[in-house]
Amino acid sequence: MPPYNLFGVFDPDYESAKVVVLPIPYDSTTTYKSGARDGPHAIIDASRNLEFFNEEIGDDVTKIGIFTLEELEPSFKSPDETINRIEKEVSLILEAGKMPLLLGGEHSIAMGSIRAEGKKYGKDGFSVIHFDAHSDSRDEYMGSKYCHACVMARARESCSSCISVGVRSTDEEGFKKYRNETIYRKDMHGRKAEDIADEIIKKTKNKVYITIDLDVLDPSILPSTGTPEPDGLSFHELASILKNILTKKELIGADFNELSPIGGIVAPNFLVAKLILLTLGYAFASKA
């Protein structure tokens with residue numbers, strides 16, 4: 010078998026890597042079905058069995074240089090301590106001139122990564138593009154500001170330009186406050202992926218951070234998530250939107266979250282691994 014790292018890269022080299030992968034097996038604030046802590050391992054395991062040459066991109070995506078770090082150990086003290094640890098690790102990756110790619114774990118891990126990006130690029134220097142079935146816009150939930158339901162509330166503290174895509178579950182306050190920063194799923198039906206991507210491109214800065222809660226996908230193709238919502242995006246729809254965005258924008262960071270593996274059902278794990286492969290290919294390999 011290939012080495013145990015994302016995509017099973019042989020002889021990975023940190024110094025020459027363009028992308029540094031940080032697995033974070035954490036799901037302490039999940040509110041329905043736990044298990045996302047097993048997501049990073051499932052993604053890495055599936056990724057080692059993919060073909061790295063992609064016919065759409067026309068190249069071996071792993072040639073860009075991908076290095077996988079050891080798993081980050083969550084804090085047992087509090088959610089905010091875990092977020093602080095993530096921020097510190099992502100800051101080190103950014104200081105080394107590399108792009109951080111986080112594997113969750115629950116979606117709250119994005120808070121630490123986006124905070125680190127904000128300190129590097131400034132609050133007005135980049136945009137956050139958020140794919141999710143949920144708005145995640147609550148300021149506080151279940152007594153914590155660092156719950157997975159508060160991701161975008163914390164993101165907006167570090168980034169002045171945020172847009173959410175694919176949302177089909179939101180609280181009333183979030184709907185009233187952020188409706189102009191959200192492309193709701195109900196408004197995506199009948200539209201081409203290229204048109205949706207164009208809307209996102211017009212509303213965002215050149216540098217973009219992409220955060221993906223995998224429940225943005227339809228549960229018929231990705232049932233392995235803690236809070237599934239019907240009427241989600243197809244794999245092709247999401248990949249097409251990402252492709253069109255990343256041909257125009259500079260990707261400075263990304264995270265993929267909320268895969269909660271189901272024993273014996275491995276197709277969703279491969280789906281996520283392939284989505285990550287394509288995302289990196291669109292961002293880097295196709296521009297080489």
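Mapping the sequence shown onto our numbering, position 186 (from 1) lands on 195, and the numbers just tick up by one. Every residue, glycine too, gets a C-beta built ideally from N, C-alpha and C.
Rounded to the nearest angstrom, the Cβ distance from V18 to L289 is 12 Å, too far for a contact under 8 Å. Per the Cβ contact rule, the region 241–254 is in contact with the region 198–216 (3 or more Cβ pairs under 8 Å). The straight-line gap separating the alpha-carbon atoms of T191 and N63 is approximately 32 Å. Excluding residues up to 5 positions away in sequence, S84 lie with their Cβ nearer than 6 Å to the Cβ of E90 in the same chain. The Cβ atoms of F135 and K257 lie no closer than 7 Å to each other. According to the DSSP assignment, I73 belongs to no beta strand (DSSP E), since it is labelled neither H nor E. Distance from S233 to I271 at the Cβ level is roughly 5 Å; contact confirmed, criterion being Cβ atoms closer than 8 Å.
DSSP lists S173 as the bridge partner or partners of T191. Secondary structure note for P32: its beta strand (DSSP E) is the uninterrupted segment V28 to I33. With contacts defined as CB atoms closer than 7 Å, G127 and C168 qualify as a contacting pair. Linking L111 to K185 through their CA atoms gives a straight-line distance of about 31 Å. A Cβ-Cβ separation of about 19 Å leaves G241 out of contact with G44 under the 8 Å criterion. Its chain contains E96 and S167 as the residues whose beta carbon lies nearer than 6 Å to that of R124, once the 5 sequence neighbours on both sides are disregarded; these appear in chain order.
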